[in-house]
């Protein structure tokens, strides 16, 4: 099964994506793709102050889907995309310390897609995020031959 | 009009730049330039706690000018520089959620310089920044042929 | 003295490293290495609320050692590794503004290793970090010929 087929089998509609009118969903230098920070559409609030880890993981998965869709806008296929790095921003109360568990919600999508292949990652706690979203994640993908 | 000429027409003195004695304003791997985080010289304080969005936008524009100057130190010309990504850090009160509007102050400089060409971007809220600056932004530029 | 020899002379056991079972310590695109955020093992707490700058610098140095070890896992030598960029995350009280001094604890290791060669850097204040660690740093290295 190709990655394009696997994405479909995972229930992701790769072309269902509404890019910003002013920002690029992703840009490319050579075979490196830099994705914009993608926010957790539908999930607002602060972890440790009203949003629990399980909900945060769902929010992170929304970001992951949009990151994949963003990279896809540059290639038209997932087959040659590999995730190399995530930077996961969690809207956090000052005493919330489970950012890594929240961002696992994004990593799990990519572990499934890439059969457990590991990516680099940072998970960090932010005092606030644009429009109050619970999670925002940016990514670096490689375009492989 | 070349980009070097356009920068001048926009009132930016590209060589008026005081680099850190210990940190590189920018480094290069191949044709990718990684800029250090550049702070909003002249603008301190927290958005949502004393600094308003309009002032924050001006602060972000200061960062944008310095990012361009930082990249220029590696090339000696703007003509072959293209902005690919910004990471915008806004010194934010916990309930401030307009980081994207603040960082627009940086993006607008690049949209003008590059005739609306889009870059990738993250805008994020930080509990505090070095020396209390209101904004700090880092950037990735491409050197094109 | 080669960089491998210098690392040893600096008291760093480059192979003493315990990678995450699920995340890559570092990944590579071409000659660019992206390191995961590495946390300050042994150092928890918030700068400006119980952790002082000197302790924070020690925490940052722990991160720096692990970043070097992470990059080494991809090359098996330090001789061809050059640091190009750090992003330093400091677990910060809202009024703490010396993030740059804390992250100097990491930069100093690299300045010593690379005879003062400068890297690009951002230092930023975060409301909280995973498991309450005091510092988390990510890095970009270049593999040179």
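Protein chains in written order, with our numbering: chain G, 66 to 210; chain C, 66 to 210; chain S, 66 to 210. Note that beta-carbon positions come from the ideal geometry of N, C-alpha and C, so glycine has one too. Note that the structure is a prediction, hence the values are computed from the model and not measured.
Does residue i come out as helix, strand or coil in the three-state DSSP assignment?
i: residue 137 (chain C); result: helix
i: residue 175 (chain C); result: helix
i: residue 203 (chain G); result: strand
i: residue 188 (chain S); result: strand
i: residue 72 (chain C); result: helix
Which whole-angstrom value describes the C-beta separation of residue i and residue j, a residue pair presumed to lie in contact below a C-beta threshold of 8 Å?
i: residue 189 (chain C); j: residue 102 (chain G); result: 7 Å
i: residue 192 (chain C); j: residue 67 (chain G); result: Contact flag wrong, Cβ pair sits at about 44 Å.
i: residue 149 (chain G); j: residue 92 (chain S); result: 4 Å
i: residue 118 (chain C); j: residue 166 (chain C); result: 5 Å
i: residue 172 (chain S); j: residue 112 (chain S); result: So it is not a contact: roughly 16 Å between Cβ atoms.
Determine whether the beta carbon atoms of residue i and residue j lie at a separation below 8 Å.
i: residue 72 (chain C); j: residue 106 (chain C); result: no
i: residue 195 (chain S); j: residue 164 (chain G); result: yes
i: residue 152 (chain C); j: residue 203 (chain C); result: yes
i: residue 134 (chain C); j: residue 206 (chain C); result: no
i: residue 130 (chain C); j: residue 187 (chain S); result: no
i: residue 177 (chain S); j: residue 75 (chain S); result: yes
i: residue 208 (chain G); j: residue 97 (chain C); result: no
i: residue 197 (chain C); j: residue 110 (chain C); result: yes
i: residue 100 (chain G); j: residue 136 (chain G); result: yes
i: residue 144 (chain C); j: residue 78 (chain C); result: no
i: residue 108 (chain S); j: residue 185 (chain S); result: no
Could you tell me which chain G residues have their CB closer than 8 Å to the CB of residue i, listed as they occur along the chain?
i: residue 160 (chain C); result: 193
i: residue 165 (chain C); result: 195 and 196
i: residue 150 (chain C); result: 92, 99 and 101
i: residue 88 (chain S); result: 172, 183, 184, 185 and 186
For a contact defined as C-beta to C-beta under 9 Å, what are the partners of residue i on chain G?
i: residue 97 (chain C); result: 94, 95 and 97
i: residue 207 (chain C); result: 92, 93, 94 and 95
I'd like to confirm something about residue i: is its beta-carbon nearer than 7 Å to some heavy atom of the ligand NAD, or not?
i: residue 177 (chain C); result: This structure lacks the ligand NAD; in fact it carries no ligand of any kind.
Going along chain S in order, which residues have a C-beta closer than 7 Å to the C-beta of residue i?
i: residue 212 (chain C); result: For chain C, the structure presents residues 66 to 210; residue 212 (chain C) sits outside this window and is missing.
List, in order along the chain, the chain C residues whose C-beta lies closer than 7 Å to that of residue i?
i: residue 204 (chain G); result: Within chain C, no residue comes near residue 204 (chain G); the closest Cβ sits about 10 Å away, beyond 7 Å.
i: residue 157 (chain S); result: 192 and 193
Residue i versus chain C: which residues are under 8 Å apart at the beta carbon?
i: residue 128 (chain G); result: Ordered by position in chain C, no residue passes the 8 Å Cβ test against residue 128 (chain G), which lies about 11 Å from the chain.
So which residues of chain S does residue i contact, with C-beta pairs closer than 8 Å?
i: residue 67 (chain G); result: What residue 67 (chain G) touches in chain S: nothing, since even the nearest Cβ is about 22 Å away.
Using a Cβ cut-off of 7 Å, pull out every chain G residue sitting near residue i, in sequence order please.
i: residue 154 (chain S); result: 189
Does chain D have any CB closer than 8 Å to the CB of residue i?
i: residue 135 (chain C); result: Absent from the structure is chain D; the protein chains it does hold are G, C and S.
Contiguous beta strand (DSSP E) assignments of at least 3 residues, all confined to the stretch 109-171 of chain G: 146-156
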